[in-house]
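Number of protein chains: 2
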Amino acid sequence: MSNHTARHEELATELVVRAGRLVRSVRARGDLPPGHRVMAALEQHGSMGVSALALLDGCTQPTMSTAVAGLVERGWATKTTHPDDARSALVSLTDLGRATLREVRRRYGTEIAETLENSPHSLADLEVAVQVLTSLTSSTHDAPTDQKVMS
Amino acid sequence: MSNHTARHEELATELVVRAGRLVRSVRARGDLPPGHRVMAALEQHGSMGVSALALLDGCTQPTMSTAVAGLVERGWATKTTHPDDARSALVSLTDLGRATLREVRRRYGTEIAETLENSPHSLADLEVAVQVLTSLTSSTHDAPTDQKVMS
DNA sequence: CTATATTAGATAGGGAGGCTATGTATCGCA
DNA sequence: TGCGATACATAGCCTCCCTATCTAATATAG
Numbered sequence: 001m002s003n004h005t006a007r008h009e010e011l012a013t014e015l016v017v018r019a020g021r022l023v024r025s026v027r028a029r030g031d032l033p034p035g036h037r038v039m040a041a042l043e044q045h046g047s048m049g050v051s052a053l054a055l056l057d058g059c060t061q062p063t064m065s066t067a068v069a070g071l072v073e074r075g076w077a078t079k080t081t082h083p084d085d086a087r088s089a090l091v092s093l094t095d096l097g098r099a100t101l102r103e104v105r106r107r108y109g110t111e112i113a114e115t116l117e118n119s120p121h122s123l124a125d126l127e128v129a130v131q132v133l134t135s136l137t138s139s140t141h142d143a144p145t146d147q148k149v150m151s
Numbered sequence: 001m002s003n004h005t006a007r008h009e010e011l012a013t014e015l016v017v018r019a020g021r022l023v024r025s026v027r028a029r030g031d032l033p034p035g036h037r038v039m040a041a042l043e044q045h046g047s048m049g050v051s052a053l054a055l056l057d058g059c060t061q062p063t064m065s066t067a068v069a070g071l072v073e074r075g076w077a078t079k080t081t082h083p084d085d086a087r088s089a090l091v092s093l094t095d096l097g098r099a100t101l102r103e104v105r106r107r108y109g110t111e112i113a114e115t116l117e118n119s120p121h122s123l124a125d126l127e128v129a130v131q132v133l134t135s136l137t138s139s140t141h142d143a144p145t146d147q148k149v150m151s
């Protein structure tokens with residue numbers, strides 16, 4: 001352990017700076033709609049409740065409540081009562097939501113792909129970047145993936 | 001151009017989701033102090049004015065004004081009038097600021113290094129991740145280091 | 001079968017951080 | 001000397017996220 005270098009230190013903080021910059025620019029340009037990441041989670045993991053979504057997303061339940069309400073308002077998701085538990089909700093993507101997700105990906109993906117083509121980086125590099133970011137936020141300093149998610 | 005794949009699309013949006021998550025977790029845990037990225041810019045590029053800093057950082061001048069005020073308040077930077085132009089300021093890191101920057105890097109860098117050691121990723125991967133994020137925010141859709149702020 | 005504890009979600013209130021619009025002081029120049 | 005341009009500060013607003021708390025429904029103890 002701890003055999004890290006000064007390079008590690010510089011890169012670690014630089015990564016956060018760059019990540020923040022990327023998020024700011026994406027938001028400022030309206031490249032991704034708010035709630036997009038919730039839709040992505042729903043698509044990848046299927047319908048589930050608000051709390052489970054919050055766990056997946058790494059935010060709090062109230063934050064996710066609001067986010068889901070936004071999706072429902074735009075017609076991108078539905079929220080129904082769980083048949084076996086009237087406390088729970090079942091948040092599901094609508095067809096419109098799925099279509100929006102596809103469209104957003106197509107548009108932003110194209111832009112990013114072109115940018116990468118004008119840089120010395122490949123698709124594999126992009127993949128590595130995503131994986132590194134994932135490593136730093138999934139099992140890092142959070143609760144070790146509690147399995148109270150649902151059945 | 002445009003020979004991108006569906007994989008590109010997925011990865012591009014996923015990258016933003018992960019980047020946002022990283023930033024949120026770092027902020028929530030107080031791993032990096034606010035204004036840290038301004039200090040990093042100052043260290044790397046030397047003393048300069050508020051507007052120049054804003055350009056470097058990719059934020060607006062009012063935002064940078066506030067950020068710099070915060071640094072000065074904490075004793076991490078000084079703001080003096082430019083000797084040749086009384087309109088301009090010269091923002092400089094103090095020794096305390098430099099020390100804080102070092103300490104923050106050491107602490108967060110250690111944490112990240114250990115996380116990476118428990119993952120299949122190397123220092124080189126971290127480097128790639130930073131470079132990819134940099135590509136996507138520096139010369140992407142912005143003017144290539146133009147000094148024109150635009151309107 | 002009630003009474004209580006637990007769980008899912010909603011709402012209230014607040015703070016951080018960013019942006020646009022605008023004000024103020026200084027500089028460059030005709 | 002007077003006017004546009006430049007550098008920064010301030011005001012007001014918005015988005016996103018958080019903590020604290022409330023309601024409704026379920027699970028469980030007695």
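Quick mapping for you: the protein sequence lines, in order, are chains A and B.
Mapping of the first sequence onto full-length UniProt numbering: residues 1 to 151, in sequence order.
Mapping of the second sequence onto full-length UniProt numbering: residues 1 to 151, in sequence order.
Think of the CB as a built atom: it goes at the ideal place given N, C-alpha and C, for glycine as much as any other residue.
Please report the straight-line C-alpha distance between Gln32(B) and Glu43(B), rounded to a whole angstrom. A small fix is needed here, since residue 32(B) is Leu in this sequence, not Gln. Approximately 16 Å between the Cα atoms of the pair.
Is the segment 89-99 of chain B close to the segment 48-55 of chain B, with three or more CB pairs under 8 Å? yes
Under 8 Å between beta-carbons, which chain B residues line up against Val104(A)? List them in chain order, please. Thr13
Buried/exposed call for Arg122(A), threshold 16 Cβ in 10 Å: A small fix is needed here, since residue 122(A) is Ser in this sequence, not Arg. It is exposed - the Cβ of Ser122(A) has fewer than 16 other Cβ atoms within 10 Å.
Reference Gly58(B); option with closest CA among Arg21(A), Met64(A), His82(A), Pro34(A): Arg21(A)
Report yes or no: is there a C-beta of chain B within less than 9 Å of the C-beta of Leu32(A)? yes
Considering only DSSP beta bridges, list what Leu93(B) is partnered with. Ala77(B)
Below 8 Å, can you find three or more Cβ-Cβ pairs linking the segment 6-24 of chain A to the segment 106-115 of chain B? yes
I'd like to know whether the C-beta of Asp95(A) is nearer than 9 Å to at least one C-beta of chain B. no
For Val149(B), which of helix, strand or coil comes out of DSSP? In this prediction, Val149(B) has a pLDDT of 32, which is less than 50 and means its spatial position is unreliable; what the coordinates show is noted afterwards. Reduced to three states, the DSSP call for Val149(B) is coil.
Backbone CA spacing between Pro83(B) and Met64(B) [nearest angstrom]: 21 Å
Quick one, which of Ser135(A), Val104(A), Val17(A) has its alpha-carbon nearest Ser119(B)'s? Ser135(A)
Give me the Cα-Cα distance between Ala41(A) and Pro62(B), rounded to the nearest whole angstrom. 35 Å
Paired residues, beta bridge with Asp85(A) - DSSP: His82(A)
Coarse secondary structure for Ser139(B), derived from DSSP in three states: Residue placement at Ser139(B) is poorly supported in this model, since its pLDDT is 48, which falls under 50; the coordinates are not used for a value here.
What does Arg24(A) reach in chain B if we use C-beta pairs closer than 8 Å? Gly58, Cys59
Taking C-beta to C-beta, are Tyr108(B) and Thr66(A) nearer than 9 Å? no
Give the range of the alpha helix (DSSP H) segment to which Gly20(B) is assigned. 6-29
How about Ala129(B) and Val23(A): do their beta carbons lie closer than 9 Å? no
Are Ala77(A) and Val38(A) closer than 9 Å when you measure CB to CB? yes
Test: Ala54(B) CB closer than 9 Å to a CB of chain A: no
Starting from Asp125(A), find everything on chain B with Cβ-Cβ shorter than 7 Å and list it in chain order. Val128, Val132
C-beta atoms of Val132(B) and Asp125(A) nearer than 9 Å: yes
Pick out whichever of His36(A), Val26(A), Arg105(A) has its Cα sitting closest to the Cα of Gly70(A). His36(A)
Hey, Val68(B) and Leu55(B): beta-carbon distance below 9 Å or not? no
Mind checking who Met39(B) pairs with in its DSSP beta bridge? In DSSP, Met39(B) forms no bridge with anything.
List the residues of chain B that Glu43(A) touches, going by C-beta distances under 8 Å, in chain order. Under the 8 Å cutoff, chain B gives no residues; its nearest Cβ is about 10 Å from Glu43(A).
Find the residues of chain B that neighbour Ser119(A), judging by a C-beta separation of less than 7 Å, and give them in chain order. Ser135
Distance, Cα to Cα, residue 181(A) vs Val72(A)? Shown here, chain A extends from 1 to 151; a query on residue 181(A) therefore has no answer.
Can you find a CB in chain B that lies within less than 9 Å of the CB of Thr66(A)? no
Under 8 Å from the C-beta of Gly35(B): neighbouring residues of chain A: In chain order: nothing, as chain A lies at least about 11 Å away.
State yes or no: is the beta carbon of Thr100(A) nearer than 9 Å to at least one beta carbon in chain B? no
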